[in-house]
Amino acid sequence: MCSTPDRHGRQPLGGGAGVMRTKEARVREVLQDPTVERTPGIVTIRVWELPVRVLHWTVVGAVLVLAGTGYYIGDPYILVGSEPGFVMGLIRAIHLAAAWVFSVAIICRIIWSFIGNRWSRWDQLVPVHRERRVWLWKTLGYYLFLRKEPPPAAGHNPLAGVTYLVVFVMFVVQIITGLALAALANPQGVLWSTTSWVFGLFAIQTVRLIHHLIMWLTIGFVIHHVYSAVLVDIEEKSGLVSSILTGYKRLPIDRL
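Per my numbering: the sequence shown ends with 1581, consecutive numbering throughout.
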């Protein structure tokens, strides 16, 4: 069966769930992309489209606001010189506004994973293709210092893709638990009618605990994400860090 071209008229990167492509086929496929610029031994690829970059930084900003305001909600510390009730109400309002921005950004990113370019699609997170499953373990070996060469990947390597899948699941749970907790303020509201089922599964305090734990897991992920991105950028010299601003990565042909 022939694979269906994407919206740019290009064949999908995976080539089918059971297909293991040769290195030559993978390189040839990337070089056929009209957005690729080629110099001797080096290719410049627009990996991250504008919507991906905008959504990435929207999520970053929202997470920073949510973490700061969420920590205050859990442990209020501004008690002198202000009316505590007013401050808490203001912080909660900011937290809820940032939560809606965060939720919309995550929904948009999920939608884009079905309509974006080959590097932003859902199969870069879910290892449905045999090739990515094989490289998943090889990538783990690389990070465990069992392999010298990093995996050939212009976008997310297979291990990073699975990690981001877990993070997306965390974010969805965070959104659901957060909206459920916000709905407690108005049990007659629309938000309560759509999220009250959560409290049929878990007690209020358990939902709050899950919400807090995911916040700390997210903070830990952010620290690891920044550290590993800088480290890999230094080692590979691919422009990994700057690519989330410009969209472009520069890679040796043998890294494709």
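Heads up, the beta-carbon is just placed ideally off N, CA and C, and yes, glycines get one too.
Values in this document were obtained by computation on a predicted structure and should not be read as measured data.
Asked	Found
Identity of the residues DSSP links to residue 1576 by a beta bridge	1368
Cβ neighbour criterion (16 or more within 10 Å) applied to residue 1427	buried
Unbroken alpha helix (DSSP H) run spanning residue 1545, endpoints	1529-1561
Inter-residue CB distance, residue 1582 and residue 1483 (contact presumed, cutoff 8 angstroms)	Because the chain in this structure spans residues 1326 to 1581, residue 1582 falls outside the shown range and cannot be described.
Simplified DSSP state of residue 1517, which is helix, strand or coil	helix
Coil, strand or helix - residue 1478 by DSSP	coil
Within 9 angstroms, strictly: CB atoms of residue 1437 and residue 1376	yes
Nearest-angstrom Cα separation, counted from residue 1481 out to residue 1370	13 angstroms
Contact belief for residue 1450 with residue 1489 at Cβ below 8 angstroms, rounded distance in angstroms	5 angstroms
Beta-carbon spacing of residue 1418, residue 1384 below 9 angstroms	no
Cβ separation of residue 1515 and residue 1444, assumed to be a contact under 8 angstroms, to the nearest whole Å	With a Cβ gap of about 37 angstroms, residue 1515 and residue 1444 do not count as contacting.
Where residue 1510 sits in the DSSP three-state scheme	coil
Spatially closest choice to residue 1562 from 1575, 1570 and 1571, by CA coordinates	1575
Spatial neighbours of residue 1558 in its chain, beta-carbon cut-off 6 angstroms, leaving aside the 5 residues before and after	1565 and 1566
Contact set for residue 1546: own chain, Cβ-Cβ below 7 angstroms, skip 5 residues either direction	1492
Inter-residue Cα distance where the pair is residue 1503 and residue 1473	43 angstroms
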